[in-house]
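Residue numbers (this note's numbering), protein chains in the order written: chain A, 1 to 266; chain B, 1 to 211. The beta carbon of each residue, even a glycine, is placed where N, CA and C say it ideally should be. Beneath this line is the structure, given in structure tokens, with notes to follow.
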């Protein structure tokens with residue numbers, strides 16, 4: 001499971017304050033904490049600063065990569081912000097995200113094909129959001145076809161099946177889990193990725209719901225997750241799930257994480 | 001007549017008891033508008049308030065709204081002469097470029113629960129579509145939702161289109177959605193900001209001077 005650390009997002013108050021004050025130290029600490037906790041990519045998102053998003057996103061890229069030797073997940077719905085931010089990135093970033101929405105697709109495609117990168121392909125149709133499994137798989141198929149035709153390698157595509165809240169429709173959990181499995185089976189080599197928190201919108205005990213969703217999604221073949229790697233209970237769920245699924249030889253990762261204190265009995 | 005049993009049933013989302021109580025009140029000779037105002041709408045006020053305080057959750061709110069809807073259907077044939085009174089007409093939609101509708105749908109449901117009539121234009125609604133509908137329906141309030149930082153400027157464009165068409169003074173504007181803040185609402189010249197469905201109802205009432 002590839003882990004994208006989600007904590008550097010200006011929708012979080014402390015991060016927004018740090019970005020506004022250009023407090024590099026605070027941002028670097030947030031990045032290091034996630035790197036130490038096992039993140040493979042560090043997500044950076046400055047989306048709440050509508051007018052200054054591009055400037056702040058670029059600053060985040062430079063600030064984090066000056067201190068942490070990890071690739072970043074450049075997170076914005078704006079092709080403009082992404083095409084600027086990628087210029088400051090060392091190594092191969094993950095672009096989060098492209099979708100079938102016309103402006104977004106056409107705007108971002110040149111960025112994706114101009115240099116090596118991974119891309120999150122969000123299952124958002126041109127004019128609607130999919131609700132059923134079939135709709136999700138259909139959008140995924142179209143995205144994969146368009147991206148690979150444009151020269152993006154299948155292995156660089158991370159399909160986000162669009163997690164929606166079970167609080168508004170109890171079928172949403174099954175719909176997205178089933179979609180993960182079908183996408184992984186239908187397009188061997190492609191990846192699936194998602195965030196966790198949408199599933200629990202509108203419910204109490206959201207972290208508990210998110211953890212169980214992660215376990216179920218992992219069992220269906222989810223290959224990457226956008227999450228808070230410093231959340232020990234969440235990481236314990238992930239590590240134990242992988243182990244149960246036979247993806248952890250000699251239970252090594254699970255036991256290592258325990259013995260090094262990354263996870264504990266709480 | 002006390003509507004306590006009806007209130008409790010709507011708050012709980014017990015469709016069977018709520019519709020029975022509604023019809024019982026009709027049989028007892030109660031005025032349909034009173035049943036609506038003092039029973040159903042009052043119950044939804046409680047629901048909205050509890051939701052805003054975190055004491056009720058989205059599925060419970062949906063269940064209450066569904067219960068109210070069923071009761072209103074049962075009540076409709078019993079409005080003599082005048083049609084149901086509405087607290088005001090609200091045009092609502094997700095702005096151009098944005099396809100998210102979950103939050104917007106919750107807001108619409110709670111507005112209806114509070115006795116407003118709503119015209120939902122759906123998602124990806126262009127400024128001119130909002131303007132045309134507001135003009136046609138003589139709407140009192142416009143509710144706009146945006147879930148993406150990239151689509152928030154569509155709110156500004158819609159407000160500008162209202163100004164250009166001379167309608168800005170005829171309609172109150174409420175905005176909301178995850179990336180939207182009170183400050184942003186002020187900056188773009190909206191009349192109000194609602195962080196959740198319960199608040200949207202309170203803001204709409206405040207703007208229209210409804211107690």
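- [ ] On a CA-only basis, which of A:219, A:157, A:6, A:238 is nearest residue 34 of chain A? Give me that one, please.
- [x] Numbered from 1 along the first chain, position 34 holds the residue referred to as residue 34 of chain A. Selected option, being the one with the closest Cα: A:6.
TODO: Count the other CB atoms, across all protein chains shown, that sit within 10 Å of the CB of residue 164 of chain A; report buried if there are 16 or more and exposed otherwise.
DONE: In the first chain, the residue the question calls residue 164 of chain A occupies position 164. Counting every other CB atom within 10 Å of its CB across the protein chains shown gives residue 164 of chain A a total of 16 or more, marking it as buried.
Open item on the list: Tell me the residue span of the alpha helix (DSSP H) that contains residue 62 of chain B.
Closed with: To locate residue 62 of chain B, count along the second chain from 1; it is residue 62. If you look at residue 62 of chain B, you'll find it in the alpha helix (DSSP H) that goes 58-75.
Task: Neighbourhood of residue 176 of chain A by C-beta, 6 Å cutoff - its chain only, sequence neighbours within 5 removed - done: As a working note, residue 176 of chain A is residue 176 in the first chain. Within the same chain, residue 176 of chain A has close Cβ partners 161, 163.
Open item on the list: Count Cβ pairs between the segment 112-127 of chain B and the segment 33-45 of chain B that sit closer than 8 Å; are there 3 or more?
Closed with: Result yes; three or more Cβ-Cβ pairs closer than 8 Å.
Task: Which residues DSSP lists as bridging residue 121 of chain A, in chain order - done: Here the question's residue 121 of chain A lines up with position 121 in the first chain. By DSSP's assignment, residue 121 of chain A forms a beta bridge with A:98, A:159.
Task: Spatial distance of residue 48 of chain B from residue 68 of chain B (CA atoms) - done: Stepping through the second chain from its first residue, residue 48 of chain B is reached at position 48. Stepping through the second chain from its first residue, residue 68 of chain B is reached at position 68. Approximately 13 Å between the Cα atoms of the pair.
Open item on the list: I want to know whether the segment 100-108 of chain B touches the segment 175-182 of chain B - three or more CB-CB distances under 8 Å.
Closed with: Yes: the two stretches touch, three or more of their Cβ pairs being nearer than 8 Å.
Task: Within 7 Å of chain B by C-beta, residues of the segment 73-90 of chain A in sequence order - done: Correct list: 77, 78.
- [ ] Kindly list, in the order they appear in chain B, the residues whose Cβ is closer than 7 Å to that of residue 204 of chain A.
- [x] If you number the first chain from 1, residue 204 of chain A lands on position 204. In chain order: 57.
Task: Given residue 40 of chain B as reference, the closest of B:65, B:202, B:89, B:166 once Cα atoms are compared - done: Taking the first residue of the second chain as 1, we reach residue 40 of chain B at position 40. Ranking B:65, B:202, B:89, B:166 by Cα distance to residue 40 of chain B puts B:65 first.
Open item on the list: Which residue wins for smallest C-alpha separation from residue 49 of chain A, given the options A:205, A:81, A:266, A:23?
Closed with: Reading the first chain from its first residue, position 49 is the one you call residue 49 of chain A. Nearest of A:205, A:81, A:266, A:23 to residue 49 of chain A, Cα basis: A:81.
Open item on the list: Here's the rule I'm using: 16 or more other beta-carbon atoms within 10 Å means buried, otherwise exposed. How should residue 188 of chain B be labelled?
Closed with: Translated into positions along the second chain, residue 188 of chain B becomes position 188. Residue 188 of chain B comes out buried.
- [ ] Can you grab the Cα-Cα spacing for the pair residue 238 of chain A / residue 120 of chain A, in whole Å?
- [x] Along the first chain, read from residue 1 onward, the residue named residue 238 of chain A stands at position 238. Along the first chain, read from residue 1 onward, the residue named residue 120 of chain A stands at position 120. Put simply, the backbone Cα of residue 238 of chain A is about 21 Å away from that of residue 120 of chain A.
Open item on the list: Could you check whether the Cβ of residue 238 of chain B sits closer than 8 Å to any Cβ belonging to chain A?
Closed with: Nothing in the structure corresponds to residue 238 of chain B, since chain B is present only between 1 and 211.
Open item on the list: Measuring straight from C-alpha to C-alpha, what distance separates residue 211 of chain A and residue 217 of chain A?
Closed with: By one-based count along the first chain, residue 211 of chain A stands at place 211. By one-based count along the first chain, residue 217 of chain A stands at place 217. Using only the alpha carbons, I get a separation of about 10 Å.
TODO: With a cut-off of 8 Å on the beta carbons, I'd call residue 128 of chain A and residue 121 of chain B a contact; round off their distance for me.
DONE: Residue mapping note: residue 128 of chain A aligns to position 128 of the first chain, counting from 1. Residue mapping note: residue 121 of chain B aligns to position 121 of the second chain, counting from 1. With 8 Å as the limit, residue 128 of chain A and residue 121 of chain B do not qualify as a contact, their Cβ atoms being about 14 Å apart.
- [ ] Would you please verify whether the beta carbon of residue 173 of chain A is less than 8 Å from any beta carbon of chain B?
- [x] For the purposes of this step, residue 173 of chain A is taken as residue 173 along the first chain, with counting starting at 1. Contact with chain B is absent for residue 173 of chain A, since none of that chain's Cβ atoms lies less than 8 Å from the residue's Cβ.
- [ ] Compute the Euclidean distance between the alpha carbons of residue 13 of chain A and residue 30 of chain A, then round it to the nearest angstrom.
- [x] Here residue 13 of chain A corresponds to residue number 13 of the first chain, with the count starting at 1. Here residue 30 of chain A corresponds to residue number 30 of the first chain, with the count starting at 1. Taking the straight line from one Cα to the other gives about 13 Å.
- [ ] Find the nearest neighbour of residue 207 of chain B within the set B:195, B:145, B:191, judged by alpha-carbon distance.
- [x] One-based indexing of the second chain puts residue 207 of chain B at position 207. Ranking the options by Cα distance to residue 207 of chain B, first place goes to B:191.
- [ ] Give the interface partners of residue 124 of chain A over in chain B, defined as CB-CB distance under 8 Å, in chain order.
- [x] Taking the first residue of the first chain as 1, we reach residue 124 of chain A at position 124. Within chain B, 99 have C-beta atoms less than 8 Å from the C-beta of residue 124 of chain A, given in sequence order.
Open item on the list: I'd like to know if residue 71 of chain A contacts chain B, where contact means its C-beta is closer than 8 Å to some C-beta of that chain.
Closed with: Locating residue 71 of chain A in the first chain gives position 71, where the first residue counts as 1. No, residue 71 of chain A lies away from the interface with chain B (no Cβ there is under 8 Å from its Cβ).
Open item on the list: Please classify residue 154 of chain A as buried or exposed, where buried requires at least 16 neighbouring CB atoms within 10 angstroms.
Closed with: Within the first chain, residue 154 of chain A is the residue found at index 154, counting from 1. Counting Cβ neighbours within 10 Å, residue 154 of chain A comes out exposed, since fewer than 16 surround it.
TODO: Look at the alpha carbon of residue 97 of chain A and the alpha carbon of residue 259 of chain A, and state the distance between them as a whole number of angstroms.
DONE: Reading the first chain from its first residue, position 97 is the one you call residue 97 of chain A. Reading the first chain from its first residue, position 259 is the one you call residue 259 of chain A. If you take the alpha carbons of residue 97 of chain A and residue 259 of chain A, they lie about 36 Å apart.
Task: Chain-ordered chain B contacts of residue 267 of chain A [CB-CB under 8 Å] - done: Residue numbering for chain A in the displayed model covers 1 to 266; residue 267 of chain A lies beyond these limits and cannot be assessed.
TODO: Find the nearest neighbour of residue 234 of chain A within the set A:67, A:206, A:256, judged by alpha-carbon distance.
DONE: Looking up residue 234 of chain A in the first chain gives position 234. With distances taken between Cα atoms, residue 234 of chain A lies closest to A:206.
- [ ] Give the residues from the segment 146-157 of chain B that approach chain A closer than 9 Å (Cβ to any Cβ), ordered along the chain.
- [x] Those residues of the segment 146-157 of chain B that come within reach of chain A (Cβ to Cβ, closer than 9 Å) are 148, 149, 150, 151, 152, 153.
Task: Per DSSP, the bridge partner or partners of residue 8 of chain A - done: By one-based count along the first chain, residue 8 of chain A stands at place 8. According to DSSP, residue pairing for residue 8 of chain A in a beta bridge involves A:44.
Task: DSSP-derived helix/strand/coil call for residue 96 of chain B - done: Numbered from 1 along the second chain, position 96 holds the residue referred to as residue 96 of chain B. In the structure shown, residue 96 of chain B sits in coil (DSSP, three-state: anything other than H, G, I, E or B).
Task: C-alpha gap between residue 90 of chain A and residue 58 of chain B, whole angstroms - done: To locate residue 90 of chain A, count along the first chain from 1; it is residue 90. To locate residue 58 of chain B, count along the second chain from 1; it is residue 58. Answer to the nearest angstrom: the Cα atoms are 43 Å apart.
- [ ] Could you confirm whether any beta carbon from chain B is found closer than 8 Å to the beta carbon of residue 127 of chain A?
- [x] What you label residue 127 of chain A is simply residue 127 of the first chain in a count that begins at 1. Interface flag for residue 127 of chain A against chain B is set, since a Cβ pair is found closer than 8 Å.
Task: Residue nearest to residue 181 of chain A in terms of C-alpha spacing, selected from A:18, A:193, A:171 - done: On the first chain, position 181 is the one that residue 181 of chain A refers to. Measuring from the Cα of residue 181 of chain A, the nearest candidate turns out to be A:193.
Task: Distance CB(residue 3 of chain A)-CB(residue 225 of chain A) smaller than 8 Å - done: As a first step, residue 3 of chain A is located in the first chain; it is residue number 3 there, counting from the start. As a first step, residue 225 of chain A is located in the first chain; it is residue number 225 there, counting from the start. In this structure, residue 3 of chain A places its C-beta atom within 8 Å of the C-beta atom of residue 225 of chain A.
Open item on the list: Here's the rule I'm using: 16 or more other beta-carbon atoms within 10 Å means buried, otherwise exposed. How should residue 9 of chain A be labelled?
Closed with: Taking the first residue of the first chain as 1, we reach residue 9 of chain A at position 9. Under this definition residue 9 of chain A is a buried residue.
Open item on the list: Taking the alpha carbon of residue 55 of chain B as the reference point, which residue from A:265, A:202, A:137, A:24 has its own alpha carbon closest?
Closed with: Residue mapping note: residue 55 of chain B aligns to position 55 of the second chain, counting from 1. The shortest C-alpha separation from residue 55 of chain B is found at A:202.
TODO: Helix, strand or coil for residue 37 of chain B, going by three-state DSSP, please let me know.
DONE: For the purposes of this step, residue 37 of chain B is taken as residue 37 along the second chain, with counting starting at 1. Correct three-state label for residue 37 of chain B: helix.
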